[in-house]
Each structure stands twice: as structure tokens, then as C-alpha cells.
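In our numbering, the protein residues as written are 425 to 878. Below is one structure, written out as C-alpha cells; comments come after it.
Now the structure itself:
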């Protein structure tokens, strides 16, 4: 009987190929789906539907890859079906892991070792089936009979303990630095090193266990998706439970064309009024006499999408702060964000050598944000403009990005060109350009002021 079971059961080495194929394929597809879809706020209905879709897609990808890999290593019949539902028990947590990763939750560091524990337990169970039963219990102390027992080569030594200790300490250090994935990976290494000695054969991998695990993973997905939930009752409490950076800002959808879903063709956001005074230098004294001049920003923010070059006439107009309002695209097209500051008097271009822009960056989404500065002269019949170039905000290039970083003050200095046809300007345009991977949501960057540097 034991020989028959062993003949129908692949060895742990053969098991590793379908297992690795399932994890790689499912993880890659889930990462792609999450990065594509989790760039906007969800309703409760969309949250449930998205979690259900993720679980269904993951199950299909898992089944396909395990079936292909199983046939490659010549696993067929009942053994192949056993592979499908038993490997699914650790693989079913992958969608929840990717969603928690997108939400930058600390629970990533706990879910990774849990998955590693399931993998080790699964491999051990298959090994016990091949060996025909549990390994003999060898006791090295506690009775006289143990004196005559010779420990096997696989008896635990101090080396696994040292590895586990280092993995745990380095994992805690990584968590303190905000590196949840690295911390979770180190915890998982500790589990995989130590667990082969403590995992017992009583761990069950059957159809019932697969159903229970799938239900728990689906529940965790629903909780993790609260990080992307539109503000409402209960959203903040669930976000705090999962240690996620949930935004309490108003969610405003924006679209490029009227037929492309629900939303607006554009958003015009008026900044709160500030004291604004600028005295243009006279021609007799065209420099700033060595004193920088401050221009407080009290302009407007534009949000629109290509092929538009500005918000349309029917765009929504509102007063607010880009730090306190979450504006996003309703489809895959990137969102364009511009800030426009009109000046009461034209400023000669030869009055100074550079223009410094001062911003407040409250965006804690990984990915750099670039700033392009343009000067315009709207007093002419044909308005002229020049670009002073594009620079990356240093505060947006931090890696890893802290989970709960407060707003950061940042500044960039743009030098004026020595030779240009533009003699003066009366409008400053700031283009705020996030990375492509995160361009469906408006950056949470607010313009504070400009400084003319002599």
C-alpha cells in the first residue's frame, strides 16, 4: 500500500516546479492587475467586485500554470489534481499580498512568513507521503534509551538557530526603516530555515482546507482594499487596522471626453487667497539690487487629459488645495496637472538670473515627480513662452518611501537662459509630472511661492 501511494505521489523536487511556476505567474499577473486598477478610489461595490475578480484570475492562472508544469514533469491523474488544490492553499494569499504591498501595509511583513510556513508544510507533507510515513522520533535526552540512539545527519544544530536569529534581527531593522517587503522576506527566510524541524505531519492539505484558506484570503483582500476606498463611514477605522496610509481627501474623478465614464472633462482648482504683491523693476534699475523677491502663489491648478491642452469650458471649478483633494483619472489615460500664476505686472527677464519654486510635497506614493517651469508673455497678440527645463523633486525620489510621511517642503531653482526672444513674462506655468506608473492620479504637490533670485 505504501509503495502504491509513493508511486502516485511526486517527490518534493518534482513538486517544486509546479509550485514555483504557480507563484511566479500568479504573482506577476496580480502585480500587473493591481498597478493597472488600483490608481483610483473604489466604492464598496467596486471593492467587492475587484476582490472577486482578483481571486478568480489568480485561480485561473494558478490552475493553468500547475497543469502545464505538472505535465512537463509527467505528473498526471489524481496526483495532478492533488497538486492543483494543495499548491493553491499557499498561492491563494498572493492577491492579498500584492494588494497589501500596493497599500504599503505593515502586514506584508507578516503575510510573507505565513506563506513560507505553508510552503514548507506542503513540501514536508509530500515528502512524508513518498517516504511512507512520518520520520522516527529521535530523542537525544530525557531517558536511558536515548543514549544508544545515533542522531541523523539532519538533526538540528546551532547553525539554523543562528540563521533564524540573524533573519529576525535584520527583519526588524528593515521594518524600522520602512522596508516592509525586505523585512517580510527575512522573516520568511527564518521560517523556512527553522520550520523543517518543527512542522508536524498533522498539517492538512485537502479540499476542505483549500476552501477555508480561500475564504480567509478573500476576507483579507477586502480589508486590504480599504486603502483604496472612497472616504466614508468605517473606511478610516479599517485602514488603521491594517496600518495602511489611507487618504481622507475628497475624491474627484476626471475624464477626457464626455463618453468615457462618469466624471468631469477637467478640474480647475482655485488656491486659497494669499497676500500677493510684486513691484516690477524699472528700466533704469533693472536688477533686484541683490535682494530676492518673493511671489506668493495664489493662482489655479488645472487637471485635464490628452488630447486636451487645457480644461474644457464645462470643467468643474472648485476652491481647494491639491494636498487635501484627491483627483484621479477614470480610465488608463494619464492625468495632466498644471499650476498657473498670473502676475499683475510684467517682469523683465534680465532682472534676475534664476527663478526658484517652493513647494509642499504631501505625496507618499513611490515614484519620482518632475517639475517643468514655463514663462509666458500673454500681453502680446501672439503669446510667447519659454521652458526653463525639467527637474525632479528630491523629496519624491526617496527610497524607500516612508509609510506615514508628513508633508515635506522642497524647492527647485531654474536658471534663465542668456539668449531668448522672450523679453518679459507675466505668467508662470508649472507642470507637475509624475512617473508613468502613477500618472492616473494627481500628485499631492502644492505650490507655495516663487522667488526671483538676482
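We treat Cβ as the ideally placed atom computed from N, Cα and C, and that holds for glycine.
- Between residue 793 and residue 820 a beta carbon distance of about 4 Å is seen, short of the 8 Å cut, so the two are scored as contacting.
- The alpha-carbon of residue 595 is positioned some 6 Å away from that of residue 611.
- Taking the C-beta atoms as reference points, residue 605 is found nearer than 8 Å to residue 525.
- Assigned with DSSP and collapsed to three states, residue 777 falls in coil, not helix or strand.
- Counting only runs of 3 or more residues that sit fully inside the segment 823 to 859, the beta strand (DSSP E) segments are 832 to 839 and 848 to 858, in chain order.
- Following the DSSP letters along the chain, one finds residue 816 inside the beta strand (DSSP E) bounded by residues 808 to 816.
- If you look at residue 481, you'll find it in the alpha helix (DSSP H) that goes 468 to 496.
- Here the alpha carbons of residue 616 and residue 816 stand approximately 41 Å from one another.
- If you draw a straight line from the Cα of residue 455 to the Cα of residue 490, it is about 19 Å long.
- Of the other Cβ atoms in all chains shown, fewer than 16 fall within 10 Å of the Cβ of residue 774; this residue is therefore exposed.
- In this structure, DSSP gives residue 772 an extended state, which the three-state scheme calls strand.
- The way I'd put it, the segment 779 to 786 does touch the segment 833 to 843; three or more beta-carbon pairs between them come closer than 8 Å.
- Measuring C-alpha to C-alpha distances from residue 634 to each of 735, 470 and 505 identifies 505 as the nearest.
- Judged by DSSP secondary structure, residue 593 falls within the alpha helix (DSSP H) whose first and last residues are 582 to 600.
- Nearest Cα to residue 728 within the set 758, 750 and 516: 758.
- Below 8 Å, enough C-beta pairs join the segment 513 to 532 and the segment 439 to 458 to call them touching: three or more.
- Look at the beta carbons and you see the segment 762 to 774 touching the segment 713 to 727: at least three pairs across the two are nearer than 8 Å.
- For residue 642, the enclosing alpha helix (DSSP H) has its first and last residue at 631 to 648.
- Per DSSP, the unbroken beta strand (DSSP E) holding residue 870 starts and ends at 869 to 877.
- Sequence-distant Cβ neighbours of residue 509 in its own chain, meaning closer than 7 Å and more than five residues away, are 631 and 634.
- Restricting attention to 496, 607, 539 and 647, the CA atom closest to the CA of residue 472 is found in 647.
- An exposed status is given to residue 452, since fewer than 16 other beta-carbon atoms sit within 10 Å of its beta-carbon.
- As a beta-bridge residue in DSSP terms, residue 726 pairs with 692 and 762.
- Around residue 445, the same chain offers 489, 490, 492 and 493 as residues with beta carbons nearer than 8 Å, after the five sequence neighbours per side are excluded.
- Taking all protein chains shown into account, residue 469 has fewer than 16 neighbouring C-beta atoms within 10 Å of its C-beta and is therefore exposed.
- Residue 645 and residue 771 have their C-alpha atoms spaced approximately 55 Å apart.
- Inclusion of residue 778 and residue 721 in the CB contact set at 8 Å is not warranted, their separation being larger than that value.
- As the crow flies, the alpha-carbon of residue 828 is around 11 Å from that of residue 530.
- Cβ-Cβ distances below 6 Å link residue 540 to 612, 615 and 616 in the same chain, with the five nearest sequence neighbours on each side left out; the list follows chain order.
- Ranked by Cα distance from residue 717, the first of 547, 597 and 877 is 877.
- Each residue's CA atom was taken as its position, placing residue 715 and residue 845 some 26 Å apart.
- Straight-line spacing of the CA atoms in residue 652 and residue 588 works out to 35 Å.
- Residue 523: member of the alpha helix (DSSP H) spanning 518 to 526, first to last residue.
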